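Below: one structure, written as structure tokens.
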Amino acid sequence: MSKRRSRQSELSRLATQLNMTYHAGEHNELISELRDFRTFSKGFRRRKKIRHMLRRQDGMLDYDLRIFDFHRLKGKNKRPESQTVFYLRSKDLVLPQFWLRPETVLHKLGELLGRGDIDFVRFPKFSGRYRLTGDDEVFIRHHFNDELLHFFSVEKGWYAEGVGYYLILFQKGKLLSAKKIKELYEKGMYVYGELAKGT
Numbered sequence: 000m001s002k003r004r005s006r007q008s009e010l011s012r013l014a015t016q017l018n019m020t021y022h023a024g025e026h027n028e029l030i031s032e033l034r035d036f037r038t039f040s041k042g043f044r045r046r047k048k049i050r051h052m053l054r055r056q057d058g059m060l061d062y063d064l065r066i067f068d069f070h071r072l073k074g075k076n077k078r079p080e081s082q083t084v085f086y087l088r089s090k091d092l093v094l095p096q097f098w099l100r101p102e103t104v105l106h107k108l109g110e111l112l113g114r115g116d117i118d119f120v121r122f123p124k125f126s127g128r129y130r131l132t133g134d135d136e137v138f139i140r141h142h143f144n145d146e147l148l149h150f151f152s153v154e155k156g157w158y159a160e161g162v163g164y165y166l167i168l169f170q171k172g173k174l175l176s177a178k179k180i181k182e183l184y185e186k187g188m189y190v191y192g193e194l195a196k197g198t
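In terms of numbering that gives the first Met the number 0, the sequence shown opens at residue 0 and continues consecutively.
Listed below in structure tokens is the structure:
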């Protein structure tokens, strides 16, 4: 069995376990819907592809959960980058626009130049690991409760963005196996549940 067919088979079984549907082909129509996220806004549209989508939605379109592989070619050298993404649209979310990503040395240098992020004194590990930014600091602090801050204090390497009804979560450059996608689903649903408490 080819690697591609093996992935299709594994994800089809996983979709059944998670009460989701599975679609193996390309779903590039979603790219325009995701253009407000920084992750998806960079680069030319023709260099981006979405494949291997798991999906669950309710009949009234109040809830739409998708997990998919996102591929793009970056920069002049067209360097490939791929990652598996948890994406959720829910009327239970009313999120401030925020960006969460692992903090790097460049971020720390930026802070010395006055480009600060949102830190939490009671969660120094979170503040040391992640850079959290957004336009409405008070609203963001309201949504990032103790449980969520503890989660990210323990979990490393996550990228998350939220705005309005929309949330995405992923680890950059990681195309996940079916087993890891199940973990992504569970962690994504946890993050969603905690953020929804702030609504």
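Just so you know, even glycine gets a beta-carbon here, dropped at the ideal spot from N, CA and C. Here the structure is a predicted model, which is why all the values come from computation and not from measurement.
| Item | Value |
| --- | --- |
| Close Cβ partners of HIS106 (< 6 Å) along its chain, the five nearest in sequence each way excluded | Any reading at HIS106 must be qualified, since the residue scores a pLDDT of 49, below 50, and its modelled position is unreliable; no value is offered. |
| Supposed close pair LYS173, GLN82 - CB separation, criterion 8 Å | 5 Å |
| Limits of the beta strand (DSSP E) - the one that HIS203 falls within | With the chain covering 0 to 198 only, the question about residue 203 has no answer from this structure. |
| CB of LEU17 within 8 Å of CB of TYR184, strictly | yes |
| GLU182 to VAL93 span [Cα, whole Å] | 25 Å |
| Local conformation of GLN96 per DSSP, three classes | strand |
| Minimum C-alpha distance to LEU87 - residue among MET52, ARG78, SER126, LEU175 | MET52 |
| Backbone secondary structure at LEU210 - three-state DSSP | Here the chain comprises residues numbered 0 to 198, so residue 210 is not present and cannot be evaluated. |
| Between the CA atoms of LYS186 and TYR158 - distance to the nearest angstrom | 12 Å |
| Whole-Å CB distance - GLU154 paired with ARG37, under 8 Å assumed | With 8 Å as the limit, GLU154 and ARG37 do not qualify as a contact, their Cβ atoms being about 20 Å apart. |
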